[in-house]
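A.B. asks: From first to last, the protein sequence lines are chains A and B. Numbering-wise, the first sequence is residues 1 to 532 according to my numbering. Numbering-wise, the second sequence is residues 1001 to 1532 according to my numbering. Idealized CB from N, CA, C, for every residue including glycine. Note that the coordinates shown come from a computational prediction; the quantities given were computed from them, not determined experimentally.
There are 2 protein chains.
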Amino acid sequence: MLTLNDQVLDSFISILGSDHVLVESAALDLASQATYATQNRVRAILRPANAEEVSACLRLAQQLKMPLYPVSAGKNWGYGSRVPTGGDSLLLDLRRLNRIVDFCEEMGTVTVEAGVSFAQLEHFLEEQNSQRFMSAPGTTPSASVIGNALERGWGFGPYSDRFDFMCGMQVVLPQGEVVETGMERFSGSKSARFFRWGVGPWFDGMFTQSNLGVVTRMTIFLAPKPTHFISFLYRLNNLEHFAPLMDNLRELKMRGILRTNFKVQNFYRKLMDRGAYPWEEAGGQWCFTPEVEERKKKELAVGTWNGAGALYCWSDAQATAERELVEAAISPYLDSILFLDRDTLERKEQLRDEVKERTGYNLDSCLHRYYVNTRFIGVDKGLGVGGAYWRKRTPMPEVPDLDQDRVGFIWVDPILPFRGRDVQAATDLAGSIMSKHGFDPNIGLNCVTERSIFMTGAVIYDRDVAGDDERAMGCAQDLTQTMMKAGYTLGRLTTFNMNILEQADKGSLDLQRTIKDALDPNHILAPGRYEI
Amino acid sequence: MLTLNDQVLDSFISILGSDHVLVESAALDLASQATYATQNRVRAILRPANAEEVSACLRLAQQLKMPLYPVSAGKNWGYGSRVPTGGDSLLLDLRRLNRIVDFCEEMGTVTVEAGVSFAQLEHFLEEQNSQRFMSAPGTTPSASVIGNALERGWGFGPYSDRFDFMCGMQVVLPQGEVVETGMERFSGSKSARFFRWGVGPWFDGMFTQSNLGVVTRMTIFLAPKPTHFISFLYRLNNLEHFAPLMDNLRELKMRGILRTNFKVQNFYRKLMDRGAYPWEEAGGQWCFTPEVEERKKKELAVGTWNGAGALYCWSDAQATAERELVEAAISPYLDSILFLDRDTLERKEQLRDEVKERTGYNLDSCLHRYYVNTRFIGVDKGLGVGGAYWRKRTPMPEVPDLDQDRVGFIWVDPILPFRGRDVQAATDLAGSIMSKHGFDPNIGLNCVTERSIFMTGAVIYDRDVAGDDERAMGCAQDLTQTMMKAGYTLGRLTTFNMNILEQADKGSLDLQRTIKDALDPNHILAPGRYEI
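#1: Along chain B, in chain order, which residues have C-beta atoms closer than 8 Å to that of Q512 of chain A?
#2: DSSP puts W305 of chain A in a beta bridge; with which residues?
#3: Does DSSP put L1058 of chain B in a helix, a strand or coil?
#4: Buried or exposed, going by whether 16 or more other CB atoms sit within 10 Å of the CB of T1289 of chain B?
#5: For K1253 of chain B, return the contacting residues in chain A, with the cut-off set at a CB-CB distance below 8 Å.
#6: Return the chain-ordered list of same chain residues with a C-beta closer than 7 Å to the C-beta of V292 of chain A, the five sequence neighbours on each side being excluded.
#7: Hey, how far is the Cα of N50 of chain A from the Cα of R1369 of chain B?
#8: Is it a yes or a no for the stretch 91-111 of chain A touching the stretch 187-202 of chain A, going by three-plus beta-carbon pairs under 8 Å?
#9: So D1462 of chain B is in the alpha helix (DSSP H); what residue range does that whole segment cover?
#10: Since C313 of chain A and P226 of chain A should fall inside the 8 Å C-beta cutoff, what is the C-beta to C-beta distance between them, to a whole number of angstroms?
#11: Can you tell me whether M1218 of chain B is helix, strand or coil according to DSSP?
#12: Could you work out which residue in A:Y234, A:E357 and A:G408 is closest to L338 of chain A when comparing CA atoms only?
#13: For E105 of chain A versus R132 of chain A, is the C-beta spacing smaller than 9 Å?
#14: Taking the alpha-carbon of M455 of chain A as reference, which of A:S210, A:V264, A:D464 and A:S432 has the nearest alpha-carbon?
#15: Kindly indicate which three-state DSSP category Y277 of chain A falls into: helix, strand or coil?
#16: I'd like to know whether the C-beta of G314 of chain A is nearer than 9 Å to at least one C-beta of chain B.
#17: Counting only the same chain and skipping the five closest in sequence on each side, list residues whose C-beta sits under 8 Å from that of G1208 of chain B.
#18: Residues of chain B with a CB under 7 Å from the CB of S508 of chain A: which are they?
#19: Rounding to the nearest angstrom, what Cα-Cα distance links T1085 of chain B and F418 of chain A in this structure?
#20: Excluding sequence positions up to five away, which residues of its chain have a Cβ less than 6 Å from the Cβ of N1522 of chain B?
#21: D413 of chain A by DSSP, collapsed to three states: which one?
#22: Counting Cβ pairs closer than 8 Å, one from the stretch 1172-1183 of chain B and one from the stretch 1480-1500 of chain B, do we hit at least three?
#23: Taking C-alpha atoms, which residue in B:L1092, B:G1168 and B:T1359 lies nearest to V1023 of chain B?
#24: Using a Cβ-Cβ distance cut-off of 9 Å, determine whether A388 of chain A contacts chain B.
#25: Can a CB atom of chain A be found closer than 9 Å to the CB of V1056 of chain B?
#26: Please tell me whether F376 of chain A has its Cβ less than 9 Å away from any Cβ of chain B.
#27: May I have the straight-line CA-CA distance separating G200 of chain A from G1198 of chain B, to the nearest angstrom?
#28: Using a Cβ-Cβ cut-off of 6 Å (strictly less than) and excluding sequence neighbours within five positions of M1183 of chain B, which residues of its own chain qualify?
#29: Just curious, the beta strand (DSSP E) that S336 of chain A is in, first and last residue?
#30: Along the chain, where does the beta strand (DSSP E) that runs through R471 of chain A open and close?
#31: Looking only at DSSP bridge pairs, what is P1070 of chain B linked to?
#32: Which same chain residues end up closer than 8 Å to L1030 of chain B when comparing Cβ atoms and leaving out the 5 residues on each side of it in sequence?
#33: Please list, in chain order, all residues of the same chain as Y1268 of chain B whose beta carbon is under 7 Å from its beta carbon, the five residues on each side excluded.
#34: Does the distance from the C-beta atom of L1058 of chain B to that of S1011 of chain B stay below 9 Å?
#35: Leaving aside the five residues before and after Y488 of chain A along the sequence, list all residues of the same chain whose C-beta is less than 6 Å from its C-beta, in chain order.
#36: So what's N1497 of chain B in DSSP terms, helix, strand or just coil?
The structure is reproduced here in structure tokens:
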């Protein structure tokens, strides 16, 4: 166990000042909470203000051989929040690195520090009246933009695969050296914030899902706001249509027509997005009876599978043409599809009843969620977090904090080939495991890249129900192992399933270990994080 | 100087067999030739057949502390060809690793070994009657696909930025360990060839423009062939229109309308692409008189700047809409623009005269180069290399070999922000330096990514003209230093300008050195390559 004496604390206080070294037990208790049961403790919270202070903390930690666990905003909900991976640690909390360092409207770039949140950046772009938008996250707007990119999280819009749309990092290495990457290496380089690869070996990838450095600054690319934005939502009940639908969606994505990440959600996941668990109707059961399922489907216009998407167009003719291409490719497989555009918004009074009758959808609610306040064009009203409270007996508070609110939430994220038969097989398999453990078999398919799908199976529960922490962990572990065995390798890990990396080839593990040893001889930076 | 005794050669022969260890002086002389003056010598050529033999060669080289210089197909023309960077070396020639390991039409992926050439892959896809296409290179079809990707070369089509469209590497580390990356790390992973990042730190970037490993296998993404392909070419003479044109091209690219890399070439570069130097007319002068320039412009329908582009569409309506968007955005700045599509091809007899009159372009030649046999949809007839023979007194042979043919050719490749005022300033500056040294100021702008341009200034000459090797080197060095000083940092280096890396920040150089020391303690793998 990590012991902290006054002398050690004083050394960190001499770097950061006493206001920024926290040892109050309430703060430490909360920082040691995740959305599932964990063991490791945060022993103190260090809040540096800049890269120099990050560097000084790392140098001192090396001297003391004392593990440091960095978080940007600390919102890694469902994966372990702020709880350290490799035993008790000091938390290196980067929230004070919250400056927006540079912004270029013309080129669509913004350079931010690690503590800048999605909400802060969205607000900044609104103030600038910017015609560029950030890729809004799938998670809470209070999450860090850089933290999400480093976890290889994704968002929405043409720049969904966040790590693919960043450019140039400032990284503090485990022994304290400050490193610039890409063209940022060259003082005065005019392409530093516009050209990703720089010259010479490109090291940025090694600092994602890793414990090889603390990223303190990064440039993010912003997409242009379309003049002719279209979104659409749809559902299907006939399972025979599911695999061909997915194949056609892949083809639309490969063709560059569907350029955003889009979700396809099963009945349970969609229901969660729509509100709280129907305790009365479902009688508290985890898996609904067929009767309840049918009733909820009809009542809320939810299908066995439910999707949405968006088109980014620049003229009426282009919008019409692309809409036709999407319609031709997918509508034969659907029970309902509803397109939303400026015309729909302007004529909503006339269209409301016809839409309801034809599609079952509530037009006002759809316009609100998918056209006006939509993550597809960078607007994030925090809708993504709502589903997490599905099993809580109390409603979601105004400022949700999943750790503090004792929400039970575990992500299991296998990567699937974007191919109908694989999606069918993998979702069947995952659903059966979740049901077997008595959890709602809720599944989301996040179609981030052209050839692969980031599937999310969420084990969602209430940590205040005795025994459910253990039951949930058992389900998540079984789901992890089953999906791995079937070849649906996980693409993002929780603090407790890093051990799947033991299944990786020896060469790659040796490579990682050699680099870790060279950069962090005392293994003080986030030991156990994405390593065996 | 590296000395090779019989015992050493025998050790390599025991690994590779005597047929695959070459020491004939003709072969070594040729391998020690580049397209400019070089000093270092290839002392023997090793030709392993697979990753295991590559590994054995590296292990032996470590024991002997003997430098090994790997090449895939060895066609790094204009950057140093096969000539080693850091003193005399053994050449590790990967041409025998020439298997196409896997191909998936449905998902648009192909897995190749390091020796597979663009021509081989193109031929393979033709045989398969594939509806997917590789990004055709800007260089010779005899170049290696993997070699080009590792140098972060680019091609044409929606997947132009080649390194951004690969997935999973097999790498032999300098001490001989074989490593898989991405999801290839997990035996049986179904997403190994479809999902780029894998799980955990992503190391692939560190093996590009580097000397940290020998990449022996890689998966390449293939783009879908459009059902409604459109290309276009244009030119402008009014220099006041140049900067706004470039800004509008960037916006079209950011909007996802122009998805391919496209070239914008100045008068000289365009002329080179069109054929040999007009010795008679130009009187042998490097820079033409205004009269000659005007005459050639008119005669060949070449402008001060000349561009081309392509649209990848899937319906008549989409094609029309996108064409209109391009036309509206750029034609106000142009002297001429010509669109080519299926209709143009079918009606070429009727259109020929009208096109000539309206645009000055020769329709048949344009159709041939930009619509039928076009790199925009993966067809490469080797047109890219023609310009290199511009200054030779002899015509390009049927199988061009720039090293053997003593073509003088040096690339200088600054990265520019994709912004009119920068492009204007950088091309003016580069042109003035090239003219000052008495070379044709030929410049190509390769619009590969949304925010940056890969500019190529080519110093092209005849190595058989006494003194021109020195003169060309002086020009290339001056151009390199001048562009660096102006902030237009180079994005790809020749064997002689790696020293610009000394201008990089200390932290990044230390990081690279630490990793090199850890992976290659004897510095035997390509010493001096993209390192100081």
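C.D. replies: Judging by the given coordinates:
#1: The CB of Q512 of chain A comes closer than 8 Å to the CB of G1200, P1201 and F1203 in chain B, given here in chain order.
#2: DSSP lists A:L236 and A:N266 as partners of W305 of chain A.
#3: Here L1058 of chain B sits in helix by DSSP.
#4: Classification of T1289 of chain B: exposed, given that the 10 Å Cβ count is below 16.
#5: Against chain A, a Cβ distance below 8 Å from K1253 of chain B picks out nothing, because the smallest value is about 10 Å.
#6: For V292 of chain A, where only same-chain residues beyond five positions count, the Cβ hits under 7 Å are E281 and A282.
#7: Straight-line measurement puts the Cα of R1369 of chain B at about 54 Å from the Cα of N50 of chain A.
#8: Yes, the stretch 91-111 of chain A is in contact with the stretch 187-202 of chain A.
#9: Per DSSP, D1462 of chain B belongs to no alpha helix (DSSP H); it is in the beta strand (DSSP E), S1452 to D1462.
#10: So it is a contact: roughly 6 Å between Cβ atoms.
#11: Note: M1218 of chain B maps to strand in three-state DSSP.
#12: Comparing alpha-carbon positions, the option among A:Y234, A:E357 and A:G408 lying closest to L338 of chain A turns out to be A:Y234.
#13: Yes.
#14: The closest CA to that of M455 of chain A, considering only A:S210, A:V264, A:D464 and A:S432, is found on A:V264.
#15: When DSSP states are grouped into helix, strand and coil, Y277 of chain A belongs to the coil group.
#16: Strictly speaking, residue 314 of chain A in this sequence is Trp, with Gly absent from that position. For W314 of chain A, the nearest beta carbon of chain B is closer than 9 Å to its own beta carbon.
#17: According to the sequence displayed, residue 1208 of chain B carries Thr and not Gly. So the list reads A1149, L1150, E1151, R1152 and F1163, once near-sequence residues are dropped.
#18: Counting only Cβ-Cβ distances below 7 Å, S508 of chain A has contacts in chain B at V1179, E1180, T1181 and R1185, in chain order.
#19: When rounded, the distance between both Cα atoms is 42 Å.
#20: Cβ contact annotation for N1522 of chain B (same chain, cutoff 6 Å, sequence separation greater than five): Q1062 and K1065, in chain order.
#21: Strand, per DSSP.
#22: No: the two stretches stay apart, fewer than three of their Cβ pairs being nearer than 8 Å.
#23: V1023 of chain B has its Cα closest to that of B:L1092, out of B:L1092, B:G1168 and B:T1359.
#24: Under the Cβ distance rule, A388 of chain A does not count among the residues neighbouring chain B, no pair being separated by less than 9 Å.
#25: At residue 1056 of chain B the sequence reads Ala, which differs from the Val that was named. Taking 9 Å as the CB threshold, A1056 of chain B stays off the interface with chain A.
#26: For F376 of chain A, the answer is no, since every Cβ of chain B falls outside 9 Å of its Cβ.
#27: Put simply, the backbone Cα of G200 of chain A is about 23 Å away from that of G1198 of chain B.
#28: Same-chain partners within the cutoff: S1189, S1191, A1192, F1195 and G1198.
#29: First-last of the beta strand (DSSP E) with S336 of chain A: S336 to L340.
#30: Taken as a continuous stretch (DSSP letters only), R471 of chain A belongs to no beta strand (DSSP E), being part of the alpha helix (DSSP H) at D468 to K485.
#31: Per DSSP, B:L1092.
#32: Excluding residues within five positions, the ones whose Cβ falls inside 8 Å are D1403 and Q1404.
#33: Cβ within range, chain order: D1440, P1441 and N1442.
#34: It is not a contact, given that the beta carbons lie outside the stated cut-off.
#35: Only P414, L416 and A426 meet the Cβ criterion.
#36: Under the three-state reduction of DSSP output, N1497 of chain B falls in the coil class, being neither helix nor strand.
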